[in-house]
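Participant: In numbering that gives the first Met the number 0, the protein residues as written are 0 to 215.
Each residue gets a CB set at the ideal place from its N, CA and C atoms; glycine is no exception.
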Amino acid sequence: MNTSPIDREGFAAFLLRMRATGLDNRKLISAFEATPRRNFLRSEFHGAAWSKGSIPIDCGETIESVDFQARVINALDIQADSRVLEIGTGSGYTAAVMARLAKRVYTIERYKTLHDAALAQLTAQQLANVVALHGDGSRGVSDGPFDRIVVWAAFDAIPRQFIEQLVSSGVLICAIGAADEPQELVHMTKVGSRYERQDLGNVRMQMLNPRMPKKL
0 MNTSPIDREG FAAFLLRMRA TGLDNRKLIS AFEATPRRNF LRSEFHGAAW
50 SKGSIPIDCG ETIESVDFQA RVINALDIQA DSRVLEIGTG SGYTAAVMAR
100 LAKRVYTIER YKTLHDAALA QLTAQQLANV VALHGDGSRG VSDGPFDRIV
150 VWAAFDAIPR QFIEQLVSSG VLICAIGAAD EPQELVHMTK VGSRYERQDL
200 GNVRMQMLNP RMPKKL
């Protein structure tokens, strides 16, 4: 990790917040520490890299707070042999963190600008086990099945197209609920042809957009 005073202090504050919530997953924390978060942000937001709030990125998008990202990745329980699918590459930061935990990470982004920037940074980080794709991820990708799927967006109802792309005992995490209604972050484990659901708390996320942008 970059050793500037801001980064050291910011990461220390993040670590204290995680421990206060009971999150003390050493492998996960090490993956976050090994991934220079500021490198995935515009320069004007470097000082806020480890803050509790979401951060703007290009194309009018934002990335979730590092606290929320840690909470979700921890709930995925990624193993060393896991194949992970991420819907919504964003800055590429979470793909980089998960790549330090998983066997392979597939990440897809509909905005070409975001995809290109994320790919450049993932390449700079020498993370050869990340496959960065540009396209519509609303139906998943053809490289499945996967052990873990995370969608950084919300659905009106359970997205069965993603559950179908899980291996047995695979895990999907996403938000459920309409844009103008309360949403719930859900953890779904595939059990045969059905799934077991665990609610992880209230969230507010944008709805998954299945359309490719004409520009950006």
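Label Met-187 either buried or exposed according to how many other C-beta atoms from any shown protein chain fall within 10 Å of its C-beta, with 16 as the threshold for buried.
Facilitator: For the purposes of this step, residue 187 is taken as residue 188 along the sequence shown, with counting starting at 1. Under this definition Met-187 is a buried residue.
Participant: Return the residue from the list Ala-94, Pro-181, Ile-157, Trp-49 that minimises the CA-CA distance to Leu-121.
Facilitator: In the sequence shown, residue 121 corresponds to position 122, counting from 1. Checking every option, the nearest Cα to that of Leu-121 belongs to Ala-94.
Participant: How do the stretch 145-153 and the stretch 168-176 stand: do at least 3 beta-carbon pairs fall below 8 Å, yes or no?
Facilitator: Counting Cβ pairs under 8 Å, three or more are found: they touch.
Participant: Less than 8 Å between C-beta atoms, sequence neighbours within five positions excluded: which residues of the same chain meet that for Ala-117?
Facilitator: The count along the sequence shown starts at 1 and reaches residue 117 at position 118. The residues are Phe-39, Thr-88, Gly-89, Ser-90, Gly-91, Ala-94, Thr-106, Glu-108, Ala-131.
Participant: Identify every run of the alpha helix (DSSP H) within the stretch 40-81, keeping only runs that are complete inside it and at least 4 residues long; order them along the chain.
Facilitator: List check, alpha helix (DSSP H) in window: 65-75.
Participant: Look at the alpha carbon of Leu-165 and the alpha carbon of Ala-123, and state the distance between them as a whole number of angstroms.
Facilitator: Within the sequence shown, the letter at position 166 stands for residue 165. Within the sequence shown, the letter at position 124 stands for residue 123. Whole-angstrom Cα-Cα distance: 30 Å.
Participant: My output table needs one value for Glu-180: the three-state DSSP class, helix, strand or coil.
Facilitator: For the purposes of this step, residue 180 is taken as the residue at position 181 of the sequence shown. Looking at Glu-180 - three-state DSSP - the assignment turns out to be coil, as it is neither helix nor strand.
Participant: Can you tell which of Val-185, Ile-148, Gly-46 has the C-alpha that lies nearest to the C-alpha of Ser-167?
Facilitator: Within the sequence shown, residue 167 is the residue found at index 168, counting from 1. If we check each option's Cα against that of Ser-167, Ile-148 comes out closest.
Participant: Is Arg-36 closer than 9 Å to Asp-66 when the C-beta atoms are compared?
Facilitator: On the sequence shown, residue 66 is found 67 positions in, with the first residue counted as 1. On the sequence shown, residue 36 is found 37 positions in, with the first residue counted as 1. No, Cβ-Cβ distance for Asp-66 and Arg-36 is not below 9 Å.
Participant: Taking Leu-171 and Ala-74 to be in contact with their CB atoms under 8 Å, please state how far apart those CB atoms are, rounded to whole angstroms.
Facilitator: Numbered from 1 along the sequence shown, position 172 holds the residue referred to as residue 171. Numbered from 1 along the sequence shown, position 75 holds the residue referred to as residue 74. About 11 Å; that fails the 8 Å criterion.
Participant: Is Gly-200 helix, strand or coil when you go by DSSP?
Facilitator: Here residue 200 refers to the residue found at position 201 of the sequence shown. Residue state, collapsed to three classes: strand.
Participant: Skipping 5 residues on each side, what residues in its chain have a beta carbon closer than 7 Å to that of Tyr-194?
Facilitator: Translated into the one-based positions of the sequence shown, residue 194 becomes position 195. Here the set comprises Ile-162, Met-187, Thr-188.
Participant: Only counting the same chain, and skipping five residues up and downstream in sequence, which positions put a Cβ closer than 6 Å to that of Leu-84?
Facilitator: On the sequence shown, position 85 is the one that residue 84 refers to. Once the five neighbours on either side are set aside, the close Cβ partners of Leu-84 are Tyr-105, Phe-145, Ile-148.
Participant: Could you tell me if Ser-137 is buried or exposed, where buried requires 16 or more neighbouring beta carbons within 10 angstroms of its beta carbon?
Facilitator: Taking the sequence shown and counting its residues from 1, the one referred to as residue 137 is at position 138. Classification of Ser-137: buried, given that the 10 Å Cβ count is 16 or more.
Participant: Assign Gln-125 to one of two classes, buried (16 or more other C-beta atoms within 10 Å of its C-beta) or exposed (fewer than that).
Facilitator: In the sequence shown, the residue the question calls residue 125 occupies position 126. Looking at its Cβ environment, which holds fewer than 16 other Cβ atoms inside 10 Å, Gln-125 is exposed.
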